[in-house]
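Q: Handing you a structure now.
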């Protein structure tokens, strides 16, 4: 259940939290594009470090670090795969460029994780739902999205209660060979599914009782509005994007290489 | 201030209602006839599986519109025959609060929860805002408006559920075992909120409950169901004193049980603590 | 049987659920752990079968430190029945459901059969033997859940909120059953805020509030203390409320059950007339 922690929204208010989710999404996408555009170590490092003030402004450094930490395993795998492939293709030599390339690939991944986790940590799922709705997704889709987010902690809690109940009846999840272990999860999965179905029926009943789908065009009290700050952030973001494209096309980026020690 | 005038005219009329869930062999309700007056506080009770919840579902159209099944007889609520009107239409007459608070709150903040139904009805934003403030104030949960439903206690969750239904300004409020997961103090507080709605707004209340101890002095009328039909009904005094209530496994208040088990009980029912004290002081 | 020494426990979410709790429960005792929702009752009993291990302090079951044992090993002696039966039912038949624990604990097939039959009879479930537990009513499902734990005859039985959602006749049945288990020598621990239920079974009451034990003693003493009751979001038993008002007629104040109240009032009426 810890995997969700890095993505769970924390209700605080800050400059970043108050930005329109659509603007924040553009911001994350620009980071994404830039990370794809550059393969050099230097610009990627800059890209990662410019995000630090944002994290600081939003007061989510703890959660942000924990989501980076959980991406560590994947990052290591990316690094090693690139390293091995490079090592093999350069005739079994660990050259400095292989090492640099692997590092920048890993850095690119970490940058992406970092930017999207800022997005999720500072955007309330409610606002995200509204953003979906106002971007002309059907209301049902947006509603399903926010409801799913609302029930993640509830279901996680329920799963824990089921695990506790079955362990109390002597179930040992880590016992036996591979197949047996999969079977061990049946006593947990079945109640989880049965309860989820029961819960969804109850939810549907409650929704019906509150006139869900009564009118074709429902009112939206909390419609998102683009504010001055949003416009500013958008301009800055797009300027950076344009500037970066210029650099990419016309400027020679200084190469920083990681030196290797020849093993003989 | 919005208020339903209290006058003695039936707001709910049920005539010869029988119902079978789809795929079920047995009837869940058989030949129920009942009328409830405007402004009444009715407590509906009975052992589990007696048809209480099914009856409530008939009152806001969940039966037959949501559940299907086979329905006979008529249910008329605020002059609307539930068979001919959609649940969303009935929702403006009948508010329904369910047992499990967790499964009736979908939004991520209390405010958004309360406006959910109003938004669905496509009311103008100004009216929604006005009703939101009114509902928050009436239930006394202004302080919770920005909180998310899983951060607050069970008792608070049920208040939010009531507020979100109340905002739709129904004339009838149905509550299906709303206190079953609450601790005694929270249950007592919730009953007080419900009683207040009944007294100050004239809302007709139908409360399904097992905890009759805390209710006997708040409710006007008690209905006991058994095996899909109504068995006993009347004011709490009459109902609790009838021996058959005890035989049907109803949780009659302990004070009444004590009275019933006395060796030589006085003729007049000792219904409350005050009754008991008065009686013992007199002899 | 169970010994808790200065146990503190904090959930990963940061909730400090137990604050230096110490308690001892002897073999064959009947204990009700009471308190408001979120007082730490369930967190405490989860320490008894090792589902949770203490952050600080130690828990001993039969002299063995729970840190050294698995949940399965501890559960053999300490049976924990959870509030919601739907969190554990998953088998095709009631019979299989009851046999699940027995199989996990490695009882022989012969013993399994015998125990299943015994548990079915004990909870009056014989007629549902071959039926899916999902077809049963709420009260029946609760009984299946209980039977599935009692089947391996744990010496300590913990019932978490057994009366929630139960009607009066189911409660009365449960009351009798719990008493019977206790008289047969089992240690019974109830976790509940149903004060009227506890008033009728007169156990030792452990009162918790905000992660601490605030009172521990016989039900008659604890449940008639208005200060403690208020602090833990409970309400005085109805009978007690009555006897508080009767104090100036010479009645004692510490009365909680109908049975006792009946006797006192009958005597009083007989003396007066």
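Chains as they are written, first to last, in the working numbering: chain A, 183 to 446; chain B, 679 to 961; chain C, 1438 to 1710.
The beta-carbon is built from N, C-alpha and C at its ideal position, and this holds for glycine as well.
#1: Between A:266, A:419, A:358 and A:265, which has its C-alpha nearest residue 209 of chain A's C-alpha?
#2: If we ignore side chains and look at the alpha-carbon of each, how far apart do residue 937 of chain B and residue 691 of chain B end up?
#3: Please name the residue or residues paired with residue 1501 of chain C in a DSSP beta bridge.
#4: Could you check where the alpha helix (DSSP H) with residue 869 of chain B kicks off and where it finishes?
#5: With 7 Å as the C-beta to C-beta threshold (strictly closer), list the residues of the stretch 719 to 741 of chain B near chain C in chain order.
#6: Which class does residue 188 of chain A belong to by DSSP, given the choice of helix, strand or coil?
#7: To test your reading of the DSSP string, which unbroken beta strand (DSSP E) runs of 3 or more residues are found completely within the stretch 316 to 388 of chain A?
#8: Residue 1563 of chain C: buried (16+ other C-beta within 10 angstroms of its C-beta) or exposed?
#9: Short of 8 Å in beta carbon distance, which residues of its chain neighbour residue 327 of chain A, apart from the five on each side in sequence? Order them along the chain.
#10: Based on the DSSP output, what are the partners of residue 904 of chain B in its beta bridges?
#11: For a test of the three-state rule: what should DSSP assign to residue 1390 of chain C, helix, strand or coil?
#12: Where does residue 778 of chain B land, buried or exposed, given buried means 16+ other C-beta within 10 angstroms?
#13: Would you report the Cα separation of residue 377 of chain A and residue 1526 of chain C, rounded to the nearest angstrom?
#14: Rounded to a whole number of angstroms, what is the C-alpha to C-alpha distance between residue 1619 of chain C and residue 858 of chain B?
#15: Does any residue of chain B bring its CB to less than 8 Å from the CB of residue 1545 of chain C?
#16: Any residues in the stretch 339 to 358 of chain A with a beta carbon nearer than 8 Å to a beta carbon of chain C? Which ones, in chain order?
#17: Pick from B:729, B:803, B:831 and B:794: whose alpha carbon is nearest that of residue 841 of chain B?
#18: Strictly below 8 Å CB to CB, what residues from chain D border residue 308 of chain A?
#19: I think residue 883 of chain B touches residue 851 of chain B, with their Cβ atoms under 8 Å apart; what is that distance to the nearest whole Å?
#20: Does residue 806 of chain B get closer than 8 Å to chain A when you measure Cβ to Cβ?
#21: Alpha carbon to alpha carbon, how far is residue 1652 of chain C from residue 1472 of chain C? Give it in angstroms, no decimals.
#22: With a cut-off of 8 Å on the beta carbons, I'd call residue 332 of chain A and residue 786 of chain B a contact; round off their distance for me.
#23: If we define contact as Cβ-Cβ less than 8 Å, is residue 242 of chain A a contact residue for chain C?
#24: Taking the Cβ atom as the reference point for each residue, do residue 716 of chain B and residue 722 of chain B lie within a distance shorter than 8 Å?
#25: Tell whether a beta-carbon distance below 8 Å holds between residue 1591 of chain C and residue 1528 of chain C.
#26: Does the beta-carbon of residue 1754 of chain C have 16 or more other beta-carbons within 10 angstroms, so that it is buried, or is it exposed?
#27: Quick check on the burial criterion: 16 or more other C-beta atoms within 10 angstroms. Buried or exposed for residue 704 of chain B?
#28: Which residues in the same chain have their Cβ closer than 7 Å to the Cβ of residue 1598 of chain C, if we skip the five residues on either side of it in sequence?
#29: Using a C-beta cutoff of 8 Å, does residue 399 of chain A count as contacting chain B?
#30: Excluding the five sequence neighbours on either side, which residues of its own chain have a C-beta within less than 7 Å of the C-beta of residue 1608 of chain C, listed in chain order?
#31: With distances taken Cα to Cα, identify the nearest neighbour of residue 747 of chain B among B:943, B:932 and B:700.
#32: Do three or more CB pairs link the stretch 1487 to 1503 of chain C to the stretch 1440 to 1457 of chain C at distances below 8 Å?
#33: Round the Cβ separation of residue 260 of chain A and residue 287 of chain A to the nearest angstrom and send it over; I've been treating them as touching at under 8 Å.
#34: Looking at the secondary structure, which residues open and close the alpha helix (DSSP H) in which residue 1575 of chain C lies?
#35: Look at the Cβ atom of residue 1460 of chain C, then the Cβ atom of residue 1626 of chain C, and state whether they are nearer than 8 Å.
#36: Would you kindly report the start and end of the unbroken alpha helix (DSSP H) that includes residue 750 of chain B?
A: Quick look at the numbers:
#1: Closest by alpha carbon: A:419.
#2: If you take the alpha carbons of residue 937 of chain B and residue 691 of chain B, they lie about 35 Å apart.
#3: Residue pairing by DSSP places residue 1501 of chain C opposite C:1498 in a beta bridge.
#4: Start and end: 862 to 879.
#5: So the close ones are 725, 726 and 727.
#6: Any answer about residue 188 of chain A is weak, because its pLDDT of 45 lies below 50 and its placement is not dependable; what the coordinates show is given next. Of the three classes helix, strand and coil, the one that applies to residue 188 of chain A here is helix, per DSSP.
#7: Complete beta strand (DSSP E) runs here, min 3: none at all.
#8: Flag for residue 1563 of chain C reads exposed.
#9: 307, 310, 311 and 314.
#10: Answer by DSSP bridge pairing, in chain order: B:907.
#11: An answer regarding residue 1390 of chain C cannot be provided, because it is not within the stretch 1438 to 1710 covered by chain C.
#12: Residue 778 of chain B is buried by the Cβ-count criterion.
#13: Near 10 Å, if we compare the C-alpha coordinates of residue 1526 of chain C and residue 377 of chain A.
#14: One C-alpha to the other measures close to 27 Å.
#15: Output row for residue 1545 of chain C: interface = no.
#16: Flagged, chain order: 340, 343, 344, 346, 347, 348, 349, 350, 351, 352, 353 and 354.
#17: Closest option to residue 841 of chain B, Cα to Cα, is B:794.
#18: The structure shown has no chain D; the protein chains it does contain are A, B and C.
#19: Right, their Cβ atoms sit about 5 Å apart.
#20: Chain A contact via Cβ: present.
#21: Rounded to whole angstroms, the gap between the alpha carbons of residue 1472 of chain C and residue 1652 of chain C is 10 Å.
#22: Residue 332 of chain A to residue 786 of chain B, Cβ: 6 Å. Contact.
#23: No, no contact with chain C.
#24: No, Cβ-Cβ distance for residue 716 of chain B and residue 722 of chain B is not below 8 Å.
#25: Not closer than 8 Å, so no.
#26: Here chain C covers residues 1438 to 1710 and nothing more, so residue 1754 of chain C does not appear.
#27: Counting Cβ neighbours within 10 Å, residue 704 of chain B comes out exposed, since fewer than 16 surround it.
#28: Around residue 1598 of chain C: 1520, 1628 and 1629.
#29: Output row for residue 399 of chain A: interface = yes.
#30: Excluding positions up to five away in sequence, the list reads 1600 and 1634.
#31: The alpha carbon of residue 747 of chain B has as its nearest neighbour, out of B:943, B:932 and B:700, the alpha carbon of B:700.
#32: Because the criterion of three Cβ pairs below 8 Å is met, the stretch 1487 to 1503 of chain C and the stretch 1440 to 1457 of chain C touch.
#33: About 6 Å; that satisfies the 8 Å criterion.
#34: That run of the alpha helix (DSSP H) goes 1575 to 1587.
#35: In this structure, residue 1460 of chain C lies away from residue 1626 of chain C, with their beta-carbon atoms at least 8 Å apart.
#36: According to the DSSP assignment, residue 750 of chain B belongs to no alpha helix (DSSP H) but to the beta strand (DSSP E) extending over 748 to 755.
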